[in-house]
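Participant: Below is a structure I'd like to ask you about.
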Amino acid sequence: MAVTCIGLIATPAYADVWSTVYQTDFSSDPGWTTNNASHYYWDSGTGTYYQYQQNGSEEYTYVALSGILASEKKRLEFDVNPVSNGWAANVSLGLFDSDMTPLQPCSIEFVFAKIDAGLKPFLQWGDTSGGSQAEFSDAFTANQWYRALLEWNPSAGTLYGRITRLSDGSLVGERTATGIGSVTGLDRLAISTVGHTYASGATAYGYIDNVVVSQTPEPATLSLLAVGIGGLMLRRRRG
């Protein structure tokens, strides 16, 4: 009895394999935890999630994430409609540690804000050395839907962001921030004004939808996957 190997299975490209950690399209109440249910809530009429951020309010909404791997790439994708922004007030979504403090260890966020230059998207993060922002050169328009993508690469220390218009898929802008330090403990998806006292009292509101959090699996997981698939490709040839 001989065994014939039909083909060899190569391990998938590490950077191209993504595993979903969490997703919601808000077709039902996602059950996020908040300390102000009048400012952060599931809008049953539109099937979206509403956020009203006020600087200095120490408010938040979040959902805990399980199965997050500290050393792996992470990706956050979501639809967003920043309806109105006061100066220095944000419409945002990001991954945080348990403190949920923007620009502090540890967090990564996609932020839509109003600054002196107008309505601008930002990448925003807090690593173990502190926090910073990277402004997009392109502006966004209030009360329009966009698709936002945020990708964190811990081994390279880079945070990449991309925005497209939801209406036609056209690119609004891209931005890559480099030289970012260690970002650990990202165990929740959140919107937060905790510790955000700058321009206290300023407000912004908007909606998010179709949220997906994913990560690349550990290399060992990919190797096991390749071995498993390879086993399926073996068959016995009877003589």
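The numbering of the sequence shown is the numbering used here, which starts it at 24 and goes up by one. Just so it is clear, CB atoms sit at the ideal spot from N, CA and C, and this is done for glycine as well.
Less than 6 Å between C-beta atoms, sequence neighbours within five positions excluded: which residues of the same chain meet that for Val103?
Facilitator: Position 80 of the sequence shown, counting from 1, holds the residue named residue 103. Cβ within range, chain order: Tyr169, Ala171 and Ile231.
Participant: Pairs of beta-carbons, one from the segment 140 to 155 and one from the segment 196 to 203, closer than 8 Å: are there three or more?
Facilitator: Short answer: they touch.
Participant: Does the separation of the CB atoms of Asp161 and Gly196 fall below 8 Å?
Facilitator: Stepping through the sequence shown from its first residue, residue 161 is reached at position 138. Stepping through the sequence shown from its first residue, residue 196 is reached at position 173. Result yes, Cβ atoms of Asp161 and Gly196 sit closer than 8 Å.
Participant: Spatial neighbours of Thr151 within its chain, please: CB distance less than 8 Å, with the 5 preceding and 5 following residues excluded, ordered by chain position.
Facilitator: Taking the first residue of the sequence shown as 1, we reach residue 151 at position 128. If we look at Thr151 and ignore the five residues flanking it on each side, its Cβ neighbours are Pro128, Cys129, Gly204, Ser205, Val206 and Thr207.
Participant: Please return the same chain residues whose Cβ sits closer than 7 Å to the Cβ of Thr93, not counting the five positions on each side in sequence.
Facilitator: Numbered from its first residue, the sequence shown carries residue 93 at position 70. Reading the sequence as shown, one finds Ala at residue 93 and not Thr. For Ala93, where only same-chain residues beyond five positions count, the Cβ hits under 7 Å are Thr207.
Participant: By alpha-carbon positions, which one of Asp52, Tyr183 and Trp41 ends up nearest to Val86?
Facilitator: Locating residue 86 in the sequence shown gives position 63, where the first residue counts as 1. Nearest option by C-alpha distance: Asp52.
Participant: With C-beta atoms as the reference, is Trp148 less than 8 Å away from Glu174?
Facilitator: Translated into the one-based positions of the sequence shown, residue 148 becomes position 125. Translated into the one-based positions of the sequence shown, residue 174 becomes position 151. Not in contact: Trp148 and Glu174 (Cβ atoms no closer than 8 Å).
Participant: Please report the straight-line C-alpha distance between Asp48 and Gly70, rounded to a whole angstrom.
Facilitator: As a first step, residue 48 is located in the sequence shown; it is residue number 25 there, counting from the start. As a first step, residue 70 is located in the sequence shown; it is residue number 47 there, counting from the start. Looking at the two C-alpha atoms, the distance is approximately 8 Å.
Participant: Return yes when the Cβ of Leu182 is within less than 8 Å of the Cβ of Ile91, no when it is not.
Facilitator: Counting from one through the sequence shown, the residue named residue 91 turns up at place 68. Counting from one through the sequence shown, the residue named residue 182 turns up at place 159. No.
Participant: How close, in whole Å, do the beta carbons of Tyr83 and Leu212 come, if the pair is a contact with beta carbons under 8 Å?
Facilitator: The residue you call residue 83 lines up with position 60 of the sequence shown. The residue you call residue 212 lines up with position 189 of the sequence shown. That belief does not hold up - the Cβ atoms of Tyr83 and Leu212 are roughly 11 Å apart, past 8 Å.
Participant: In three-state DSSP terms, what is Tyr221?
Facilitator: By 1-based counting over the sequence shown, the position of residue 221 is 198. DSSP places Tyr221 in coil when its eight states are reduced to three.
Participant: Could you compute how far the alpha carbon of Val236 sits from the alpha carbon of Leu116?
Facilitator: To locate residue 236, count along the sequence shown from 1; it is residue 213. To locate residue 116, count along the sequence shown from 1; it is residue 93. Each residue's Cα considered, the two are about 11 Å apart.
Participant: When the distance is taken between beta carbons, is Ala225 closer than 8 Å to Gly109?
Facilitator: The sequence position of residue 109 within the sequence shown is 86, counting from 1. The sequence position of residue 225 within the sequence shown is 202, counting from 1. Contact flag set, yes.
Participant: Return the bridge partner residues of Glu158 from the DSSP annotation.
Facilitator: As a working note, residue 158 is residue 135 in the sequence shown. The partner list for Glu158 (beta bridge, DSSP) reads Phe145.
Participant: Can you name, in chain order, every residue of its own chain whose Cβ lies under 6 Å from the Cβ of Glu100, other than the five neighbours on each side?
Facilitator: On the sequence shown, position 77 is the one that residue 100 refers to. So the qualifying residues of the chain are Leu172 and Val235.
Participant: Are the beta-carbon atoms belonging to Trp65 and Tyr75 less than 8 Å from one another?
Facilitator: Translated into the one-based positions of the sequence shown, residue 65 becomes position 42. Translated into the one-based positions of the sequence shown, residue 75 becomes position 52. No, they are not a contact pair.
Participant: As a quick exercise: from Glu95, Ser80, Phe163 and Gly218, pick the residue whose alpha carbon is nearest that of Met123.
Facilitator: As a first step, residue 123 must be located in the sequence shown, where it is residue number 100. Comparing Cα-Cα distances from Met123 to each of Glu95, Ser80, Phe163 and Gly218, the minimum goes to Gly218.
Participant: Determine the DSSP secondary structure at Leu173, reduced to helix, strand or coil.
Facilitator: Here the question's residue 173 lines up with position 150 in the sequence shown. Residue state, collapsed to three classes: strand.
Participant: Is Leu126 near the ligand FMN, in the sense that its beta carbon is under 7 Å from a heavy atom of that ligand?
Facilitator: What this structure holds is no ligand at all, so the ligand FMN is not there to describe.
Participant: Which residue from Pro177, Ser178 and Gln167 puts its Cα closest to that of Gly192?
Facilitator: Here residue 192 is taken as the residue at index 169 of the sequence shown, counted from 1. If we check each option's Cα against that of Gly192, Gln167 comes out closest.
Participant: Less than 8 Å separating the beta-carbons of Gln238 and Ser89?
Facilitator: Taking the first residue of the sequence shown as 1, we reach residue 238 at position 215. Taking the first residue of the sequence shown as 1, we reach residue 89 at position 66. No. Outside cutoff.
Participant: Between the alpha carbons of Ser80 and Leu189, how many angstroms are there, rounded?
Facilitator: Sequence index remark: in the sequence shown, residue 80 carries index 57 (1-based). Sequence index remark: in the sequence shown, residue 189 carries index 166 (1-based). Spanning the two alpha carbons is a distance of roughly 31 Å.
Participant: Find out if the Cβ-Cβ distance for the pair Ala274, Ser107 is shorter than 8 Å.
Facilitator: With the chain covering 24 to 262 only, the question about residue 274 has no answer from this structure.
Participant: Indicate the three-state DSSP secondary structure (helix, strand or coil) for Phe82 in the structure shown.
Facilitator: Position 59 of the sequence shown, counted from the first residue, corresponds to residue 82. Per the sequence shown, the amino acid found at residue 82 is Glu instead of Phe. Coil at Glu82, not helix or strand.
Participant: Leaving out five residues on either side along the sequence, give the residues of the same chain with a beta carbon under 6 Å from the beta carbon of Asn176.
Facilitator: Taking the first residue of the sequence shown as 1, we reach residue 176 at position 153. Contacts found: Lys96.
Participant: CB-CB under 6 Å to Val114, same chain, minus the five flanking residues each way: which ones, in chain order?
Facilitator: As a working note, residue 114 is residue 91 in the sequence shown. Taken in chain order, the residues that qualify are Pro105, Phe135, Ala227 and Gly229.
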